[in-house]
Amino acid sequence: MSLFHLNLLLFCASVFLFYRSFLLKRVALVNKADCPAGNCVKDCFGSLCDVENCERNNVTLCDSLKRFDRAIIIIIDALYFGFVVERSSPFKVIRKSLQDSSSPLTSFLFRFRADPPTTTLQRTKALTTGTFPTFIDAGSNFFNYDITEDSWIHQFQRKRSSIWVGGDEIWETLYPGAFSKAWSFPSFDAFDLDTIDRSLIPLVRQHMREQHLRGGSDWDVYIAHFLGVDHAGHRHGRSHPEMDRKLREMNEMVSNVVDHLGEDTLLVVMGDHGMTASGDHGGDTEDELNTAVWLAWRRKTGEEGRQMGTHRVRLTEADFSQVSQVDFVPTLSLLLGLPIPFSSLGKVIPEVFEGDQNKLLALKVNAQQVSEFLMEYAKVDRISQQLPSLEAVVEGRASSYELYLSTVQRLCRSAWATFDQTLYPGAFSKAWSFPSFDAFDLDTIDRSLIPLVRQHMREQHLRGGSDWDVYIAHFLGVDHAGHRHGRSHPEMDRKLREMNEMVSNVVDHLGEDTLLVVMGDHGMTASGDHGGDTEDELNTALWLAWRRKTGEEGRQIGTHRVRLTESDFSQVSQVDFVPTLSLLLGLPIPFSSLGKVIPEVFEGDQNKLLALKVNAQQVSEFLMEYAKVDRISQQLPSLEAVVEGRASSYELYLSTVQRLCRSAWATFDQVGIFVAVLSSCISLTGLFASLRLDNAGNPPWWALILLAVALGSVASLILLPVAIITASVTLAKLTSVNLATYRVLPWSLCLLYAFSFTSNSLIVSELPVLRTLVAVTVTSFVFSGFSLSRLLPDSSWKPLVLRLAGLLFLLGLMRTAELFKKCREEEGPDCRETFVHKPLASLAPHLVSYKQTILVLSSVSLILVTVLKYWLLQRAGNLSGETLQHLVVRYLPPTNTVAVISFWSLQCLPTPLWTRLTFWQRNGFALWVYASSLVGLIVFLVKPLLVSRQKPENRKRSLLLSRNVRAIYSEVRDSLGDPAPPVVMGLRSALPASLLAVSFLLFHPLVLLAGDLHSTPLFLLTLSLFLACFLLSETSCEFCFVALLLAQFGFFVTGHHATFSSIQWEAAFVGLPGDIGSKVSILIPGLMVLINTEVSSILAILWLAIQASSVSRLLPGGDVSEVGNSTVLLNQVEELCGNWKSLSNGFVVFSAVKLCGTMISCAVLRRHLMVWKIFAPRFIFEGVSFISTLFVVFLVSRVFKRASNTLLGFLRTLEKRS
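Position one of the sequence shown corresponds to residue 2 (the numbering used here), numbered consecutively onward.
What follows is the structure, encoded as structure tokens:
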């Protein structure tokens, strides 16, 4: 192994060590929570006041807080909070319920604040376990694992309750075997808006109707997860007519559920996250983080109704309080009589509990649970030293418990800003699951799930019961509508109307013993995105409702208000849902839950107090267990310090635990970070020095990566001395090398660029910096070859003028390409986007002229790239043969150009017409491009030379066709002399022509994955790289640096940013079915998204190889028919191989310097306010880009070696024959 590769190996090991030290993962505890036993005298209320029965039956605090026998949970994926409260939204069922004083429902609507990343997987985990994600969970939406941590799903399993689930298949992936019945559907196809929803809606209606008719049901929990709104957002944006359609569907479905809701059933309608205006999510903008949760139940006879926001003509987000998504977990758990999940950090939503005593008890239980969790966690992992002690909570005051729980949430949220993911299977009695990742599919999941929800609610209503105890319905249509169209698109309105109807249906069929929870898993930005941490993404809604029993007083939050705004509603964390639901349903709060019960859901002060007490005990037990297996703060609050009987004391405890845990789980391995950064800098020094040595051979890249991971896993103190020794040996060998020939400017600029990553402003606005660096580098090289003596009037100005003209043209191309950039949220309103970064099929119908403009622009750009490469090969004489490889390169790219344009043209069809096309009609052209390009590459790799032997009599015709005047003159001159021997066409340019042909065959699938809009910036990038080849020398480090800058420039102008919400997930299904991941392999869509993200780097490396092979040989000016000295050509091929080694190694080193800069910025600014929003994502993206660069360089090296070896063999054969 050469010194270069050894230094590269050590650098990779340093990066891996930094990854392990900086992006810490939270330890997942597998403890299961149990309900704390109630003191039959001290906790006297409800069933606990019957002391004899209490002692005989071991009545727990969860039993006392239990309000419902079953729950139906409707999850409308990407339910942007504005869909619930805006008057223009078709999703009216919740709004009408809140404004109607005669409503038979007790209901609560909250802004449901999601934690970033706002991806469905992490939100689903938070909604069931009450835990916070860690940072590296953001990219795990492709890879689902079963959840081992405690959750209310597991708690229902322990009670042998029947759980039915329908919709997104993620539920069965996370909880395999947990459901009694399941109707699951693939959810990844965002182009499919209706399949899931239209399959699920009849099921929901049927099951609700059966429950209504029978006065009961076969389920205890019914989960319906609709994806149509999410897919409508992904495909069309938030304001598209398709979004309105999906919202109408959801509206009808919820209305049907409400109509059949039993008195013992809790209805929850919620979103898992919001969406941006463009329909995307995954980020951290406000629109992505804010969703809604609606808890409702039918009032029993005589029960007083409680509403939030009734009697207001207009509701706004400010009318509603905000809760965290994790707050749903303890709230749901206690309402259903379950223990709060052990690891939950949620804080119960006090408003859901009736009476001050119930609120106090719920907070107390919540605080105890959080305290137990913190103590357990401290045993296995570090946690903040400032976590509060439950012992310090003033017993008997609900506010004290709330403060405790909020504090724990805050600290743990910041601590676990390093998101973790573990997923679970098998918990559902029935499941109707659908793949959820295809954001173009707005309707499949929702339309499949809504009928299911309506059916099940109707059955429950008719039977007066149901076969389920918990019914979870997770709708994705709103989320997909946001991704595709944005938050304000008519398609979003449609999806919201669908959700509104669906929730209305659930409310209509809600039984008195059923808790209804309507909530989002996260919000979305105005563009429909989520996954980040903006307010719109973090805030969603949680609505808990149940039908009042006869004589029961109704309770609402915000009633008798003409207009509701976000400020009218209190905020709870999503993890708070877990303990709340558990206790409402009489379940133990999941052991790992850190949620804080929502006290408002529990009736009476005594119930609230008991819920808080159970919650606090569960958290306390979890903390104690967690402390055994992971480091955790020594200052976590102690439950013993809580003053018994005061709800505020428990709330303080739970809030404190949450706050401290959020910050505590952001602790870094500072020694590992220091060693990793230092060793990477030393390794970089060795890499730079080894570039000047001649002993660098062809690298076994895959072995290097595996060894780097192994080295990074060992003790960090071993890595540093090895890096120092290796760099020292390299520098010692370099002392004899003349460094005067090595240019300093590009390396200086690269170091300056790398260190500039410590500025968050530069990372946000990087395009002007890249353009300036390219201008300085190219200008310095252009003028470096000219002295004053050469600029005298009698000297030739032509080379300088041509280079200056080329430089100005290059900068003009870059300035033009900037028109295609996509604005980051941090750039503010001053940033203006020229183009909408959505596929043609996602644009609203009224943008027909815009669609046509984009189609023409993209088509012309693709044609120009095809013409440019075809012209270069034709003029060099490399297309004159009739062999198979000549025919492939001559005819396949033009054919693929027509196929790509045809595929884009189909995307411009009106949505009703496009949806009627079959799969093969929609994707046939794309599949042809993939298949033909693959076959063409295989043919070309077998025979990579575009040369052809011709007899003298055939030469004249070929030369005339080539229109090369110099060659024709040579032929006429030679014809007067002796007969010429056979000649070989295109021999001089054989190697660059082979590499150009490879890029020619790859360009069409690459541009297909990049998207129709990005054809033009890729054309401008290709032209810029082509110009750089002639402005800079073939072996200069300047070209390596400029190629790197242009690759990064192309990353931005193709609509990307170093943010998770900017990942173009729609690339995963260009030409492929939405369920390809579940039916074949999730790696296929993952690889397609990766190629979409790294397409500019791939093009830059291909042009790097073309430049190394002497691209000037492709230009006209030399004889296209070569007879020349084969010995000279043999030496030239060896020289070109050395050029590639020099350029590829230089490009890798420049990339390593850039990655090292991001590592330094993360290490130095690890406590910066923007570390998880800007610096950490940049490190993740740079790390992935570096690995991709190594892999692509390896593949191109194989192609280069194959072509050069074939050419050497051909030349040796010629030499033997001559």
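C-beta atoms are modelled at their ideal positions from N, C-alpha and C, and glycine is treated no differently.
Please read these numbers as outputs of a predicted model, since none were measured by experiment.
For M276, count neighbouring Cβ atoms within 10 angstroms of its own Cβ and tell me buried if that reaches 16, exposed if not. The residue you call residue 276 lines up with position 275 of the sequence shown. Counting Cβ neighbours within 10 Å, M276 comes out buried, since at least 16 surround it.
I need the DSSP call for F1031, collapsed to helix, strand or coil. Your numbering for residue 1031 matches position 1030 in the sequence shown. In the structure shown, F1031 sits in a helix (DSSP, three-state: H, G or I).
Which class does F836 belong to by DSSP, given the choice of helix, strand or coil? The residue you call residue 836 lines up with position 835 of the sequence shown. Coil at F836, not helix or strand.
Would DSSP call R464 helix, strand or coil? As a first step, residue 464 must be located in the sequence shown, where it is residue number 463. Note: R464 maps to strand in three-state DSSP.
Apply the 10 Å Cβ neighbour rule to S838 and answer buried if 16 or more other Cβ atoms are within range, or exposed otherwise. Taking the sequence shown and counting its residues from 1, the one referred to as residue 838 is at position 837. Checking the displayed sequence, the identity of residue 838 turns out to be His instead of Ser. Counting Cβ neighbours within 10 Å, H838 comes out buried, since at least 16 surround it.
Mark Q853 as exposed unless 16 or more other C-beta atoms lie within 10 angstroms of its C-beta, in which case mark it buried. As a first step, residue 853 must be located in the sequence shown, where it is residue number 852. Per the 10 Å Cβ criterion, exposed.
Run of the beta strand (DSSP E) containing W929, from where it starts to where it stops: Sequence index remark: in the sequence shown, residue 929 carries index 928 (1-based). First-last for W929: 920-943, but that is the alpha helix (DSSP H), not the beta strand (DSSP E).
Sequence-distant residues of its chain with Cβ nearer than 7 Å to R964 (five each side left out): Indexing the sequence shown from 1 puts residue 964 at position 963. Note on R964: pLDDT 49, under 50, position unreliable in the model; the coordinate value appears next. Closer than 7 Å at Cβ, skipping near neighbours: no residue.
Measuring CB atoms only, is the stretch 907-916 touching the stretch 1017-1034, in the sense that at least three cross pairs come out at less than 8 Å? no
Under 8 Å, with one C-beta from each stretch per pair, do the stretch 572-584 and the stretch 330-343 reach the 3-pair mark? Because the criterion of three Cβ pairs below 8 Å is met, the stretch 572-584 and the stretch 330-343 touch.
Using a Cβ distance threshold of 8 Å, determine whether the stretch 261-274 contacts the stretch 503-514, with at least three qualifying pairs required. yes
Taking only three categories from DSSP, how would you classify R249? Here the question's residue 249 lines up with position 248 in the sequence shown. DSSP places R249 in helix when its eight states are reduced to three.
Kindly indicate the opening and closing residues of the alpha helix (DSSP H) around P895. Mapped onto the sequence shown, residue 895 falls at position 894. That run of the alpha helix (DSSP H) goes 885-908.
Hey, could you find the ends of the beta strand (DSSP E) T107 is sitting in? If you number the sequence shown from 1, residue 107 lands on position 106. It spans 106-114 - the beta strand (DSSP E) in which T107 sits, taken as one unbroken run.
Within this structure, are the beta carbons of T1055 and H1015 separated by less than 9 Å? Here residue 1055 is taken as the residue at index 1054 of the sequence shown, counted from 1. Here residue 1015 is taken as the residue at index 1014 of the sequence shown, counted from 1. Their beta carbons are under 9 Å apart, which means T1055 touches H1015 by this criterion.
Taking DSSP's pairing of strands, which residues face Y804 in a bridge? Here residue 804 refers to the residue found at position 803 of the sequence shown. It should be pointed out that residue 804 corresponds to Arg in this sequence rather than to Tyr. Beta-bridge pairing links R804 to no other residue.
Where DSSP assigns a beta bridge to Q370, which residues make up the other side? Working through the sequence shown from its first residue, we reach residue 370 at position 369. In the DSSP output, where bridge partners are listed per residue, Q370 has S621.
Could you check the C-alpha separation between P342 and V366 for me, to the nearest Å? Along the sequence shown, read from residue 1 onward, the residue named residue 342 stands at position 341. Along the sequence shown, read from residue 1 onward, the residue named residue 366 stands at position 365. One C-alpha to the other measures close to 11 Å.
Residues in the same chain with beta-carbon distance under 7 Å from K93, minus the five sequence neighbours each way, listed in chain order, please. Mapped onto the sequence shown, residue 93 falls at position 92. Hits under 7 Å: N252, N501.
In the DSSP assignment, find the beta strand (DSSP E) that holds F603 and state where it starts and stops. What you label residue 603 is simply residue 602 of the sequence shown in a count that begins at 1. Unbroken beta strand (DSSP E) run through F603: 601-604.
I'd like to know whether the C-beta atoms of F227 and A474 end up nearer to each other than 9 Å. On the sequence shown, position 226 is the one that residue 227 refers to. On the sequence shown, position 473 is the one that residue 474 refers to. Cβ atoms of F227 and A474: closer than 9 Å.
State the Cα-Cα distance for the pair S90 and L248, rounded to the nearest angstrom. As a first step, residue 90 must be located in the sequence shown, where it is residue number 89. As a first step, residue 248 must be located in the sequence shown, where it is residue number 247. So the two alpha carbons sit approximately 8 Å from each other.
Please say whether L1007 and L880 have beta carbons closer to each other than 9 Å? Taking the sequence shown and counting its residues from 1, the one referred to as residue 880 is at position 879. Taking the sequence shown and counting its residues from 1, the one referred to as residue 1007 is at position 1006. The answer is no: Cβ separation not under 9 Å.
Alpha carbon to alpha carbon, what distance is there between S1062 and C751? Walking along the sequence shown from the start, residue 751 turns up at place 750. Walking along the sequence shown from the start, residue 1062 turns up at place 1061. Going from the Cα of C751 to the Cα of S1062 covers about 28 Å.
Straight-line gap, W872 to D231 (C-alpha atoms, nearest Å): Here residue 872 refers to the residue found at position 871 when the sequence shown is read from its first residue. Here residue 231 refers to the residue found at position 230 when the sequence shown is read from its first residue. Those two C-alpha atoms are separated by around 45 Å.
Nearest-angstrom Cα separation, counted from C1030 out to G272: By one-based count along the sequence shown, residue 272 stands at place 271. By one-based count along the sequence shown, residue 1030 stands at place 1029. The alpha-carbon atoms of G272 and C1030 are separated by roughly 51 Å.
Measuring alpha carbon to alpha carbon, tell me which residue in V678, F920, A998 is nearest S22. Here residue 22 corresponds to residue number 21 of the sequence shown, with the count starting at 1. The candidate whose alpha carbon is nearest that of S22 is V678.
Which residue or residues does DSSP assign as beta-bridge partners of S862? Residue 862 sits at position 861 when you count from the first residue of the sequence shown. S862 pairs with nothing; no bridge assigned.
Which class does F354 belong to by DSSP, given the choice of helix, strand or coil? Residue numbering aside, residue 354 sits at position 353 when the sequence shown is read from its first letter. Note: F354 maps to strand in three-state DSSP.
For V222, which beta-bridge partners are listed by DSSP? Here residue 222 is taken as the residue at index 221 of the sequence shown, counted from 1. For V222, which the question treats as bridged, DSSP gives the partners A72, V471.
Among all the DSSP beta bridges, which residues are the ones paired with N506? Reading the sequence shown from its first residue, position 505 is the one you call residue 506. N257, per the DSSP bridge assignment.
Other residues of its chain near I173: CB distance less than 6 Å, five sequence neighbours each side excluded: Looking up residue 173 in the sequence shown gives position 172. Checking the displayed sequence, the identity of residue 173 turns out to be Glu instead of Ile. Only A183, S185, A432, S434 meet the Cβ criterion.
Would you kindly work out how many angstroms separate the C-alpha atoms of A379 and Q618, rounded to a whole number? As a first step, residue 379 is located in the sequence shown; it is residue number 378 there, counting from the start. As a first step, residue 618 is located in the sequence shown; it is residue number 617 there, counting from the start. The alpha-carbon atoms of A379 and Q618 are separated by roughly 16 Å.
Taking 8 Å as the limit between beta carbons, can you name the residues of its chain near D1013, skipping five residues before and five after? For the purposes of this step, residue 1013 is taken as residue 1012 along the sequence shown, with counting starting at 1. Result list for D1013: P840, L841, I855, L856, S859, W905, Q908, in chain order.
According to DSSP, is L1166 part of a helix, a strand, or is it coil? Counting from one through the sequence shown, the residue named residue 1166 turns up at place 1165. When secondary structure is reduced to three states using DSSP, L1166 falls in the coil class, being assigned neither helix nor strand.
Distance check for T132 and H523, CA to CA, integer angstroms please. Reading the sequence shown from its first residue, position 522 is the one you call residue 523. Reading the sequence shown from its first residue, position 131 is the one you call residue 132. When rounded, the distance between both Cα atoms is 14 Å.
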